[in-house]
DNA sequence: TATTGTTATACTCTATAACTATA
DNA sequence: TATAGTTATAGAGTATAACAATA
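Chains as they are written, first to last, in this note's numbering: chain A, 608 to 741; chain Z, 608 to 741.
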């Protein structure tokens, strides 16, 4: 059954990821914007570590997002080597819109469940969260 | 809370996906091999439909896997346009090994849970499966 | 004509290696 | 010397458009 649960979670996550569309950003670009929204301004190194990607790869993604006006680079006042990356207003707006749409999709799926089924999921949430821990 | 559950599932799936490594195939190539193992020999069109990818994209992935000796193409005896794709012995072996390793990783995560927590997940499985339905 | 697979081309995302600037 | 970021280059994975072969 272990295997069943693992595969089901993978399949569900895959379906969720297909619900993007709104802006035509790839998943990596969207992931960076969401990381900035959740964890605030960060250096390139922090971003690449957290997203588990190499620095050159993150640099490229950041370049694309900067060119789209969704984030901005600023020099660190404390360390001339570092660059602080943060969302622009447009970046914040895009993150909010994306979250709203994904939540709506997921809520629609949940609405097909019975009260009991929703209660079961509610009970499972802390356990799933524990499994997902680093 | 809807949003919490959605994000937790996404995060858990992401952690699982990072557990690959064994062979250095990307997730797409591995996905094709697993699809062939689970659902048997298929045409290119069937594969691309099921993996939700365009035919040229699937064709490219199949080319790489064929070059690696993990699958083979054969002409359909009934329809000259169709190509039947199936795993080689090496492909089967790779799928088995991958499944074994991912299951082991997941089982190790599950072992950190209490009996009660595992029971909660067990109850949630059919509900998650329902959410993941097409 | 319609369908199946393929080739051509282009863009995103990833990596490693090598370089620049700062500490 | 070591660290932070960047550039150069290459390969995987995705797409659309155009083509060949078969039904």
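Backbone N, C-alpha and C fix where the C-beta goes; we use that ideal spot for every residue, glycine too.
Please report the distance separating the alpha-carbon of residue i from that of residue j.
i	j	result
residue 707 of chain Z	residue 650 of chain A	38 angstroms
residue 675 of chain Z	residue 699 of chain Z	13 angstroms
residue 714 of chain A	residue 677 of chain A	27 angstroms
residue 670 of chain A	residue 644 of chain A	18 angstroms
residue 733 of chain A	residue 642 of chain Z	31 angstroms
residue 717 of chain Z	residue 689 of chain Z	44 angstroms
residue 640 of chain Z	residue 727 of chain Z	32 angstroms
residue 664 of chain A	residue 730 of chain A	38 angstroms
residue 635 of chain Z	residue 655 of chain Z	11 angstroms
residue 648 of chain A	residue 681 of chain A	10 angstroms
residue 695 of chain Z	residue 704 of chain Z	14 angstroms
residue 618 of chain A	residue 646 of chain Z	15 angstroms
residue 740 of chain Z	residue 710 of chain Z	22 angstroms
residue 616 of chain Z	residue 735 of chain A	7 angstroms
residue 725 of chain A	residue 673 of chain A	41 angstroms
residue 652 of chain Z	residue 625 of chain A	20 angstroms
For residue i, list the residues DSSP reports as bridge partners.
i	result
residue 680 of chain Z	Z:692
For residue i, go through chain Z and note every residue whose CB falls closer than 7 angstroms to its CB, in chain order.
i	result
residue 622 of chain A	739
residue 716 of chain A	738
residue 667 of chain A	Going along chain Z, no residue has its Cβ under 7 angstroms from residue 667 of chain A, so there is no contact; the nearest lies around 18 angstroms.
Give me the residue from the options with the minimum Cα distance to residue i.
i	options	result
residue 659 of chain A	Z:730, Z:622, Z:671	Z:622
residue 701 of chain Z	Z:729, Z:687, Z:633	Z:633
residue 737 of chain Z	A:738, A:720, A:735	A:720
Under 8 angstroms Cβ-Cβ, which residues of chain A neighbour residue i?
i	result
residue 617 of chain Z	620, 623, 624
Taking Cβ-Cβ distances shorter than 8 angstroms, what residues in chain Z pair up with residue i?
i	result
residue 724 of chain A	734, 737
For residue i, return the contacting residues in chain Z, with the cut-off set at a CB-CB distance below 9 angstroms.
i	result
residue 727 of chain A	727, 730, 731, 733, 734
Can you list the residues of chain A that residue i reaches, using a CB-CB cut of under 9 angstroms?
i	result
residue 720 of chain Z	734, 737, 738
residue 685 of chain Z	Going along chain A, no residue has its Cβ under 9 angstroms from residue 685 of chain Z, so there is no contact; the nearest lies around 31 angstroms.
In chain order, each alpha helix (DSSP H) run of at least 4 residues that lies wholly inside the region 623-682 of chain A: 634-646, 651-657, 662-674
Unbroken stretches of the alpha helix (DSSP H), 4 residues or longer, contained in the region 695-737 of chain Z: 696-717
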